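Some notes on the structure that comes next.
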Amino acid sequence: MSTYNPFENMEQKVEAAFEGLNVLSSSYVPEYFPHREQQIESMVKALGVILKNNRASNLILYGKSGTGKTSVTKYITNMLREATSNKVRVIYINCQVYDSPYSIMVTIVNSITDDVNSQIPSLGWPLDKIYQEFLNRMNGSNKYVLVVLDEIDKLVEKNGGDSLYVILKAVDEELIGSRISIIGITNYTSFAEKLDARVRSRLNQESIIFQPYDATQLRDILAERLKSLNGKGVIEDSAINLCAAIAAREHGDARKAIDLMRISIEMAIREHSDKVTEREVYRARNKFELDVLHESVRSLPLHTKIVLLSVVLTQRVANRPIYTGEVYENYRRICEELSMQALTSRRVSDLLADLDDIGLIVSLNKSLGRAGRSRFLRVPDHLDLIEEYVLEDEQLSTFKGVKLSKQQRLRGITEDDERDLRDLLNARIDRHQG
DNA sequence: ACTCCACAGGAAAATTGGGGTA
DNA sequence: TACCCCAATTTTCCTGTGGAGT
Numbered sequence: 002m003s004t005y006n007p008f009e010n011m012e013q014k015v016e017a018a019f020e021g022l023n024v025l026s027s028s029y030v031p032e033y034f035p036h037r038e039q040q041i042e043s044m045v046k047a048l049g050v051i052l053k054n055n056r057a058s059n060l061i062l063y064g065k066s067g068t069g070k071t072s073v074t075k076y077i078t079n080m081l082r083e084a085t086s087n088k089v090r091v092i093y094i095n096c097q098v099y100d101s102p103y104s105i106m107v108t109i110v111n112s113i114t115d116d117v118n119s120q121i122p123s124l125g126w127p128l129d130k131i132y133q134e135f136l137n138r139m140n141g142s143n144k145y146v147l148v149v150l151d152e153i154d155k156l157v158e159k160n161g162g163d164s165l166y167v168i169l170k171a172v173d174e175e176l177i178g179s180r181i182s183i184i185g186i187t188n189y190t191s192f193a194e195k196l197d198a199r200v201r202s203r204l205n206q207e208s209i210i211f212q213p214y215d216a217t218q219l220r221d222i223l224a225e226r227l228k229s230l231n232g233k234g235v236i237e238d239s240a241i242n243l244c245a246a247i248a249a250r251e252h253g254d255a256r257k258a259i260d261l262m263r264i265s266i267e268m269a270i271r272e273h274s275d276k277v278t279e280r281e282v283y284r285a286r287n288k289f290e291l292d293v294l295h296e297s298v299r300s301l302p303l304h305t306k307i308v309l310l311s312v313v314l315t316q317r318v319a320n321r322p323i324y325t326g327e328v329y330e331n332y333r334r335i336c337e338e339l340s341m342q343a344l345t346s347r348r349v350s351d352l353l354a355d356l357d358d359i360g361l362i363v364s365l366n367k368s369l370g371r372a373g374r375s376r377f378l379r380v381p382d383h384l385d386l387i388e389e390y391v392l393e394d395e396q397l398s399t400f401k402g403v404k405l406s407k408q409q410r411l412r413g414i415t416e417d418d419e420r421d422l423r424d425l426l427n428a429r430i431d432r433h434q435g
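Its first residue numbered 2, the first sequence is counted upward by one per residue in the working numbering.
So, in structure tokens, the structure goes:
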């Protein structure tokens, strides 16, 4: 491993490393994208026609998270904007945040409106009035609008693609003199299949695929980013390789590789160590995972937190796979204790499904014959931490240290059933992690 | 073969609450 | 102020179902 150290003393080293660290931040858009030449070329070719006053095709970009879709898009659209001296207006919309036709249309209209006073309120207007306003404002300008719909698949999940149809209809090229294109970004390769034919033909005019990076490519990316870091001499090659290897195992996620590197460096800086080694990377990985856990618990809506608390407390006294019925019962008690209106079991069932999606619990549907059919579930990991994080919510702090009274085994769940369920859930956890 | 448990989860109605106009 | 429009959330109502017990 080649390690050289251009610095005289620690002070300088620490400072220098801090200085350039923003090249590892998530919002940093690099100038050069190793192993994405092909995708960039395709996009430039597709969008370049705008410079000749033609309409660009709508694009869909496919690729897992951290494969550069968003960064490349930002990079190219920035260039386009500069090349046309701001005649091209780029509207970046994250469909997870703006997931209704209404909110998206409002965002679009407001981004082509420079006057702060004539912005449309985020609520209250009839949709057709917003369309009308959009057409008026478009026709009154000579701008070319590029709408980037990030995580476009969220729109299909939500209301079966209706949103997309409504939006496509509203931004119909014919109506506004062919001065609008849409770039859709999605994680799912099967996204187009789920689309309605009428939407698909209009949206999916051209698609570009971002393959996952392999470990070697990830290493190149890290090396490229670190090139501008003043403290590069303090990072061991093996540490870089390890970041690349860990991220490669996780569907070739460059963002993860970069995050790991950044956390490793921050860790080394904070502890005044003079080098970033594999040890820092391993520790960064752990910290990273816990940070993600903390944030995902912290950002849950209140009742989802209460449901999660119910799951944690129930599991603790039961020490076996638990099921919807008892979770709901305990959830109800907790709400009562807090003098809060409890949600219905139907709703709680959905919240449990959400928790499963996020990965905070694992669950499966199983019938126990006459004993009924339920969703059985378990918190796979970090039970204590999850409880701690849930209880950070001020409204729930009274539950610190609370334990549920021992519950008798409900229904006809036998020891065999129990073992069976435990195995099934474990298998699911393994599949998830492996 | 039939029953029946304890739910899952789809569909649609109802409620909530911001924001509009008259 | 009264009343309308909108999206989002939650409730209500409902049908469906895997498999042990009979």
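Think of the CB as a built atom: it goes at the ideal place given N, C-alpha and C, for glycine as much as any other residue.
These numbers were taken from a predicted model, which means no experiment stands behind them.
Counting C-beta neighbours from all protein chains within 10 Å, is the total for Thr187 16 or more, i.e. buried, or is it exposed? Using a 10 angstroms sphere on the CB of Thr187, the tally of other CB atoms reaches 16 or more, which defines it as buried.
What is the DSSP secondary structure of Met11, counted as helix, strand or coil? Because the pLDDT at Met11 is just 48, under 50, the model does not fix this residue reliably, and the point stays unresolved.
Let me confirm a value: Glu416 is counted as buried when at least 16 other C-beta atoms fall within 10 Å, else exposed. Which label applies? So Glu416 ends up on the exposed side.
From the DSSP secondary-structure annotation, give me the bridge partner or partners of Phe192. In the DSSP assignment, no residue is bridged to Phe192.
Considering only their Cβ atoms, is the gap separating Ala269 from Ala258 smaller than 8 Å? Not closer than 8 Å, so no.
Would Ala246 and Tyr214 be called neighbours here (beta carbons separated by less than 8 Å)? Contact: no.
Suppose contacts are defined by Cβ-Cβ distances below 8 Å. Is Ile362 in contact with Leu378 by that definition? Contact: yes.
Looking at the unbroken beta strand (DSSP E) that takes in Thr187, where does it start and where does it end? For Thr187, the enclosing beta strand (DSSP E) stretches over residues Ile181 to Thr187.
Endpoints, the beta strand (DSSP E) within which Asp254 is located: For Asp254, there is no enclosing beta strand (DSSP E), as DSSP marks it with neither H nor E.
What residues in its chain sit with their C-beta under 8 Å from that of Leu261, if we drop five residues either side in the sequence? Exclusion of the five residues before and after Leu261 leaves Cys244, Ile247, Ala248, Val282, Ala285, Arg286 and Phe289 as the residues of its chain whose Cβ lies within less than 8 Å of its Cβ.
Alpha-carbon spacing of Asp292 relative to Leu386, whole angstroms: If I take the Cα positions, the gap works out to 11 Å.
Would you tell me roughly how many angstroms separate the C-alpha atoms of Arg180 and Asn95, rounded to the nearest one? Counting only the Cα atoms, Asn95 lies some 21 Å from Arg180.
Leaving out five residues on either side along the sequence, give the residues of the same chain with a beta carbon under 6 Å from the beta carbon of Ser265. Sequence-distant Cβ neighbours of Ser265 in its own chain, meaning closer than 6 Å and more than five residues away, are Val277, Glu281, Val282 and Ala285.
Have a look at Lys228 and Asp151 and give me their C-alpha separation to the nearest angstrom. When the Cα atoms are used, Lys228 and Asp151 turn out to be separated by approximately 29 Å.
Report, in whole angstroms, the separation of the C-beta atoms of Ile77 and Leu48, which I expect to be a contact under 8 Å. Contact between Ile77 and Leu48 holds, since their C-beta atoms are separated by about 7 Å, short of 8 Å.
Closer than 6 Å by C-beta to Ile210: which residues in its own chain qualify, once you throw out the five before and the five after it? Chain order, please. The answer, listed in chain order, is Tyr63.
8 Å Cβ cutoff met for Ser239 and Glu272: No, Cβ-Cβ distance for Ser239 and Glu272 is not below 8 Å.
So if DSSP puts Arg284 in a beta bridge, which residue, or which two residues, is it bridged to? Note: Arg284 sits in no beta bridge, so no partner.
6 Å CB neighbourhood of Asp421 in its chain, flanking five on each side removed: Non-local C-beta neighbours of Asp421 in its own chain, meaning closer than 6 Å and more than five positions away in sequence, are absent.
Same chain, Cβ closer than 7 Å to Ile359, five either side skipped, listed in chain order: Excluding positions up to five away in sequence, the list reads Ser297.
For Tyr145, which residues does DSSP report across the bridge? Tyr145 is bridged by DSSP to Val89.
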